[in-house]
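Worksheet: one structure, shown below.
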Amino acid sequence: MSLLIFNTSFYVPANLVDVWEKWMTDSLLPRVELLMPQLKAEVFEVVSQTGGEHLIFSVQWRCSGSKEVEQLDDLLAPELQSLVAHFGEKVTHFSSVMKRTMG
30 MSLLIFNTSF YVPANLVDVW EKWMTDSLLP RVELLMPQLK AEVFEVVSQT
80 GGEHLIFSVQ WRCSGSKEVE QLDDLLAPEL QSLVAHFGEK VTHFSSVMKR
130 TMG
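Under this note's numbering, the first residue of the sequence shown is numbered 30, with each subsequent residue one higher.
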């Protein structure tokens, strides 16, 4: 069994950070915690790269394997669609899966 990190990065305009954070704490994070309580989200601001007038945030969940990644991806899909419904194209996101190779 290998550790996989499911990462979703968000590009958020500076003037919408407060609203995005509220959406995260009221909607996305509680939904994942309710349905997959074994996963704990870690939220980071990316400081090594600037997004112009956007701030970049990385939300990560440590998954025990590909089945858990698939379940999380299925769970996140409608939540991320609600992000589009809420913010339009002002807040963008992409997801990736990382695998630990050393350490």
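C-beta: ideal position from N, C-alpha, C; glycine also.
- Its chain contains Leu33, Phe35, Val98 as the residues whose beta carbon lies nearer than 6 Å to that of Val126, once the 5 sequence neighbours on both sides are disregarded; these appear in chain order.
- Residue pairing by DSSP places Gln89 opposite Asn36, Glu71 in a beta bridge.
- With a cutoff of 9 Å on beta-carbon distance, Thr37 and Leu105 are scored as near each other.
- In the DSSP assignment, Thr121 is bridged to Tyr40.
- By the C-beta density criterion, Leu112 is buried, having at least 16 other C-beta atoms within 10 angstroms.
- Rounded to whole angstroms, the gap between the alpha carbons of Lys96 and Met53 is 24 Å.
- Rounded to the nearest whole angstrom, the C-alpha separation of Glu71 and Ile85 is 14 Å.
- Residue pairing for Met53: DSSP places it in no beta bridge.
- Straight across, the Cα-Cα distance linking Phe123 with Glu82 is about 18 Å.
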